[in-house]
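The sequence shown begins at 1 in the working numbering and counts up by one.
Quick reminder that beta carbons are idealized off the backbone N, C-alpha and C, glycines included.
The structure displayed is predicted, hence computed values, not measured ones.
Reviewing the structure listed below.
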Amino acid sequence: MDEKIVEVRDSWREGAHADDAKYLEMYAASVSDPNAFWGEHGKRIDWMTPYSKVKDTSFEPGKVSIKWYEDGKTNVAYNCVDRHLEARGDQTAIIWEGDDPGESKHITYRELHAQVCRMANVLRNRGVEKGDRVTIYMPMIPEAAYAMLACARLGAVHSIVFGGFSPDSLASRIEGCDSKIVITADEGLRGGRKVPLKANVDAAIARLGKDVVDHVVVVR
Numbered sequence: 001m002d003e004k005i006v007e008v009r010d011s012w013r014e015g016a017h018a019d020d021a022k023y024l025e026m027y028a029a030s031v032s033d034p035n036a037f038w039g040e041h042g043k044r045i046d047w048m049t050p051y052s053k054v055k056d057t058s059f060e061p062g063k064v065s066i067k068w069y070e071d072g073k074t075n076v077a078y079n080c081v082d083r084h085l086e087a088r089g090d091q092t093a094i095i096w097e098g099d100d101p102g103e104s105k106h107i108t109y110r111e112l113h114a115q116v117c118r119m120a121n122v123l124r125n126r127g128v129e130k131g132d133r134v135t136i137y138m139p140m141i142p143e144a145a146y147a148m149l150a151c152a153r154l155g156a157v158h159s160i161v162f163g164g165f166s167p168d169s170l171a172s173r174i175e176g177c178d179s180k181i182v183i184t185a186d187e188g189l190r191g192g193r194k195v196p197l198k199a200n201v202d203a204a205i206a207r208l209g210k211d212v213v214d215h216v217v218v219v220r
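Printed below as a string of structure tokens:
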């Protein structure tokens, strides 16, 4: 094993959010008084309903329970996208790079917001509600991020299935989370080779039976 130490550039070190001393200080605070530490850091995101409880945990055998900010109400998609619109709307939120490194795209917060809302409306119009599970079986394209954030916006739970998985593997994951809707693409590219994603979804659904999945949303 090569044990050569690679020094951090001064420009990177100067731009760090925390140096070693700050990190150790924060770690000590998180251990000595976790409620105070996480109570303060929880305020770094926006809340529709502010929390008064920070954490309620139990690790007793048979009674394991982990709850954070349980009386607060927030939305992950809002914190990832909406709250940045006013100050950073035209700044880049996502830099996407395709299967071919020469293919790339910069997506602004404003563009991201529009696409996430569009995808959320597609899901809502197909009956997706808070707590529903949505299977995402897609290539590495911007729409995969739109789909995840759209689920968060609605309060739905997204289940990512690797785009290289077979129909059998996909079927077991759809069944395992009781998903009624699948988001996919007609095909994807991986290492320059085409992957028949929609055909795999069709095969997976055929294995499960026609009454398992209600809708398939396809990005073309």
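(Q) Ignoring anything shorter than 3 residues, give me the beta strand (DSSP E) runs that lie fully in the segment 77-121, in order along the chain. (A) Within the segment 77-121, the complete beta strand (DSSP E) runs of at least 3 residues are 92-97 and 104-108.
**Q.** Inter-residue spacing [alpha-carbon to alpha-carbon] between H106 and M148
**A.** Computed Cα separation, rounded: 18 Å.
Q | Three-state secondary structure (DSSP) of I205 | A | Look at I205 here: in three-state DSSP terms it is helix.
Q) Which residue comes first and which comes last in the alpha helix (DSSP H) that contains D10? A) Start and end: D10 to E14.
Q) Exposed or buried, which one is L24 when buried takes at least 16 other CB atoms within 10 Å? A) It counts as exposed.
Q. Going by alpha carbons, who is nearest to D82 out of G209, H41, G15 and I45?
A. The shortest Cα separation from D82 among G209, H41, G15 and I45 belongs to I45.
Q: Specify the secondary structure class of I174 as computed by DSSP and reduced to three states.
A: In the structure shown, I174 adopts helical secondary structure according to DSSP, grouped into three states.
Q: Could you check what DSSP says for R220 in three-state terms: helix, strand or coil?
A: R220 falls in the coil class under three-state DSSP.
Q: Spell out the partners DSSP gives T135 in its beta bridges.
A: Paired residue(s): S159 and V182.
Q.
Let me confirm a value: Q91 is counted as buried when at least 16 other C-beta atoms fall within 10 Å, else exposed. Which label applies?
A. Its Cβ having fewer than 16 others within 10 Å, Q91 is exposed.
Q.
Buried or exposed for Y69, going by 16 or more other Cβ atoms inside 10 Å?
A. It is buried - the Cβ of Y69 has at least 16 other Cβ atoms within 10 Å.
Q: Work out the CA separation of C117 and A204 for me, nearest whole Å.
A: Taking the Cα positions, A204 is about 28 Å away from C117.
Q | Simplified DSSP assignment, three categories, for V31 | A | Annotated three-state conformation of V31 is helix, per DSSP.
(Q) Helix, strand or coil for W68? Go by DSSP, reduced to three states. (A) Three-state DSSP puts W68 in a strand.
Q. When DSSP builds the beta bridges, which residues end up paired with K55?
A. DSSP output for K55 lists W68 as bridge partner(s).
**Q.** Cβ-based neighbour list, N79, same chain, cut-off 8 Å, excluding 5 preceding and 5 following
**A.** When the five nearest sequence neighbours on each side are left out, the beta carbons in the same chain lying within less than 8 Å of the beta carbon of N79 are those of I45 and D46, in order along the chain.
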